[in-house]
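Participant: Just dropping this structure here.
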Amino acid sequence: MSIYTALRAGVSGLTANSSALAVISDNIANVNTVGYKRNGIDFSALVNAQNSATTYNAGGVLPLTRQQISLQGSLEQSSSPTDFAISGNGFFIVSANDQQLSNGGSVLFTRAGSFTIDHNGYMVNAQGLYLQGWPVKPDGSVTSSPTSLSAIEPVNITGVGGLAEATANVTLNANLQSDETSYAGAYTAGDLATGTVTPQFESSMEVYDSLGAPRTIALGFLKTGANTWQVEAYARPSTNVTGGAASGGLLADGTVTFNTDGTVAGVTGSIGSTFNINWAATTGAAVQPVTLDLTHGLTQFANAYGVTSVTADGVPPGDLVGLVLQGDGG
């Protein structure tokens, strides 16, 4: 063995330690770099062939760099609602293509979850790459195929918002005063809607048409005999429905009878089944079938008139006011 092999072994040790210090310095310098994965150094001994029993051929040491790309980083709190993080296995999928990947394009995988929303509503990272995701069906379900990325597409929130849902079911919880004097005059269906006869009790409720616009429907009650009430449903204003000016906006009518214990005995007429609301052409809304439930919650007691609650389904169109990412990625 020459003196040079001994010197080279010492130099290899210095080089290995220099590499270790360089890795530590790089890790410290990137402590605040989003998505950075720290590196590590392993020392591997170099063993040379020994050709003599009386001399030693020095091999030295070799630094082996390990890039710990699969290491889970620490999660940090952020004030931005579009900053995401993955806990556990997985990557964010990004692409330079702003179309569905079936139209062409390649993808990249990253753990860096700092995204913003561009002027077109797409979620992009600092490099301008588009975040990809599985499309959501109209019913809110998501069909994913982990073995194929051809169906994923860029995440765009410009179309996020609730669709309008027309009211289809209404339930009235109210009390009709049992000791009310029965109406002694002549009554014809539609008199309450037109105002020919003044209802002894009237309650208004709000429903939504097919466009999500709030509309007012009133229920008028008139006692015409013992435990017997005439009831009409009519639109307010009456011009909101087809032919409403002449009919007072009448939608349905019928008779409600009560048992001697104050509960509903039966409901007859169109008011007791599903009836259609033919909105005027000026509203632009579609014909709307509505089912009014008067058999559950309507009573006739000696108490004063009063409405406990009106329950109606249907919702107006929604607007995006915030963005929340659930734990399952939804």
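Each position in the sequence shown, counted from 1, maps to that position plus 1 in our numbering.
Ideal Cβ placement from N, Cα and C applies to all residues, glycine included.
Note that the coordinates shown come from a computational prediction; the quantities given were computed from them, not determined experimentally.
1. Examine the Cβ distances between the segment 290-297 and the segment 186-198 and report whether three or more of them are shorter than 8 Å.
2. Does the beta-carbon distance from residue 243 to residue 281 come in below 7 Å?
3. Return the bridge partner residues of residue 223 from the DSSP annotation.
4. Just the C-alpha distance for residue 396 and residue 62, rounded to the nearest angstrom, thanks.
5. Tell me which same chain residues have a C-beta within less than 6 Å of the C-beta of residue 341, skipping the five on either side of it?
6. Residue 277 to residue 240, Cα distance in whole Å?
7. Are the beta-carbon atoms belonging to residue 269 and residue 284 less than 7 Å from one another?
8. Under DSSP, the beta strand (DSSP E) around residue 294 begins and ends at which residues?
9. Does the segment 303-312 touch the segment 167-180, meaning 3 or more C-beta pairs lie closer than 8 Å?
10. How far does the alpha helix (DSSP H) with residue 195 in it reach, from first residue to last?
11. Measure the C-alpha to C-alpha separation of residue 249 and residue 263 and round it to an integer number of angstroms.
12. Would residue 86 pass as a contact of residue 72 if the rule is Cβ separation under 7 Å?
13. Residue 267 and residue 275: beta carbons closer than 7 Å?
14. Would you mind reading off the limits of the beta strand (DSSP E) that contains residue 246?
15. Just to confirm before moving on: does the CB-CB distance between residue 210 and residue 253 stay below 7 Å?
16. Does DSSP put residue 170 in a helix, in a strand, or in coil?
17. Give the C-beta separation of residue 229 and residue 184 to the nearest angstrom, bearing in mind that I take them to be a contact with Cβ-Cβ under 8 Å.
18. Compare the beta carbon distance of residue 159 and residue 196 with 7 Å and say whether it is the shorter of the two.
19. Could you tell me the distance, in whole angstroms, from the CA atom of residue 88 to the CA atom of residue 14?
20. Quick one: what does DSSP say residue 27 is sitting in, helix, strand or coil?
21. For residue 187 and residue 237, I'd like the C-alpha separation in whole angstroms.
22. Based on the DSSP output, what are the partners of residue 216 in its beta bridges?
Facilitator: Inspection of the coordinates gives the following:
1. Too few Cβ pairs lie closer than 8 Å, so no.
2. Cβ atoms of residue 243 and residue 281: closer than 7 Å.
3. Secondary-structure assignment with DSSP links residue 223 through a beta bridge to 231.
4. Only positions 2 to 331 of the chain appear in the structure, and residue 396 is not among them; the question remains open.
5. Coverage of the chain is limited to positions 2 through 331, which leaves residue 341 absent and any answer about it impossible.
6. Spanning the alpha carbons of residue 277 and residue 240 requires a straight line of approximately 16 Å.
7. The answer is no: Cβ separation not under 7 Å.
8. Annotation for residue 294: the continuous beta strand (DSSP E) segment containing it runs 289-294.
9. Yes: the two stretches touch, three or more of their Cβ pairs being nearer than 8 Å.
10. The continuous alpha helix (DSSP H) containing residue 195 extends over residues 192-195.
11. Their backbone Cα atoms lie some 30 Å apart in a straight line.
12. Not closer than 7 Å, so no.
13. Contact check for residue 267 against residue 275 fails: the beta carbons are separated by 7 Å or more.
14. In the DSSP annotation of this structure, residue 246 is not part of any beta strand (DSSP E); the continuous alpha helix (DSSP H) holding it starts and ends at 245-248.
15. No.
16. It is a strand residue.
17. 10 Å between Cβ atoms; not a contact.
18. Their beta carbons are not under 7 Å apart, which means residue 159 does not touch residue 196 by this criterion.
19. Near 39 Å, if we compare the C-alpha coordinates of residue 14 and residue 88.
20. Here residue 27 sits in helix by DSSP.
21. The alpha-carbon atoms of residue 187 and residue 237 are separated by roughly 24 Å.
22. For residue 216, which the question treats as bridged, DSSP gives the partners 208.
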